[in-house]
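Residues -22 to -1, 1 to 190 in mature numbering (1 follows the signal peptide of the UniProt record, and there is no 0) are what the sequence shown spells out, letter by letter. Note that CB positions come from ideal geometry on N, CA and C, so glycine has one too. If you're wondering where the values come from, they're calculated on a predicted model, not measured in any experiment. Step one of this worksheet: look at the structure below.
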Amino acid sequence: MIATRSLVPLAALALTASLADAATTYRVTCVYDNAKCSGGKIKLRQFLPNNACDSADCAPFANKEITAFGTFHTCTTNPVSDSAKLLKGQSYVLVENYESGCSGDPKDALAVVGDGLCVPNGDGKSSYKVTIAADNAVTWMQYTDVMCQSNATTTNFKSSEVDRNTCVSDSMKVLVVNTNNPSPASSGSSSSRSLTAFIAANIAASIAWVWA
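Below, the structure written as structure tokens:
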């Protein structure tokens, strides 16, 4: 019985640690409204999985049409908290793309400031215009050029879909942060963290039962 009591806490620590370590690392491309980044505001953050992520200094886009914008690269494992920190004070929309069912970590994500202005994507090939209505409903427009002029694709998100608690179209989670109409804070960035908490709680209950 003594051995069982000592092994259960160790198993709990090992399991929760391994789940925490499984979080996806994303390379983040930050698009500033200033070619030198410094002094400008971030208008878009593109999150792409890259476990060998490295940072990079500010650089202007090579495309001469968008040289007024600059890019800066950094890394994160949490698109939600990362966006909250670095887009603080601005209204924005974060769209996380998942495999079917919205389980696990997002396969990629994109946060765009919802001011209705054109902003190039981090790839320097496409662009976006995003607006947020008074009730937090979203109009999300993507273009195939960098100037918001060609082949617009419009996606509308209802106000009931933008608290990150709904799996939209079975593959997306959407979070609106509206400085004019604050939405409820979202919890965590992926289901893996919720799973960690769930398992830890069950292990704690098991420990209590063993000691009883």
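V58 and L153 have their C-alpha atoms some 8 Å from each other. Apart from sequence neighbours up to five positions away, the residues of its chain that approach K21 with a beta-carbon distance below 6 Å are V9, D11, V91 and V97, ordered along the chain. Note: I110 is bridge-paired with V116 in the DSSP secondary-structure output.
In the structure shown, the three-state DSSP call for V124 is coil.
Nearest to N159 by C-alpha distance, out of D32, V71 and K14, is V71. Within the DSSP secondary-structure output, G48 pairs in a beta bridge with Y10 and P38. T117 sits close to T109, with the two beta carbons spaced by under 8 Å. Contact annotation: the stretch 34 to 43 does not touch the stretch 73 to 89, with fewer than three C-beta pairs closer than 8 Å.
Bounds of the beta strand (DSSP E) holding L88 are D86 to V91. In chain order, V155 place their CB closer than 8 Å to the CB of A62, counting only its own chain and leaving out the 5 sequence neighbours on each side. Straight-line spacing of the CA atoms in T54 and N129 works out to 32 Å.
When the Cα atoms are used, T7 and S69 turn out to be separated by approximately 19 Å. Around the beta carbon of N99, a 10 Å sphere encloses 16 or more other beta carbons of the protein chains shown; the residue is thus reported as buried.
The alpha-carbon of T45 is positioned some 17 Å away from that of H51. Judged by DSSP secondary structure, P27 falls within the beta strand (DSSP E) whose first and last residues are I20 to P27. Its Cα nearest to that of C31, the residue T3 stands out among K66, T3 and D113. Boundaries of the beta strand (DSSP E) around K151: M150 to V155. Assigned with DSSP and collapsed to three states, S137 falls in helix. The secondary-structure analysis by DSSP pairs Y70 across a beta bridge with V91 and V155. In terms of Cβ geometry, A89 and R5 do not form a close pair [threshold 8 Å]. Shown here, P98 sits in a strand according to DSSP, grouped into three states.
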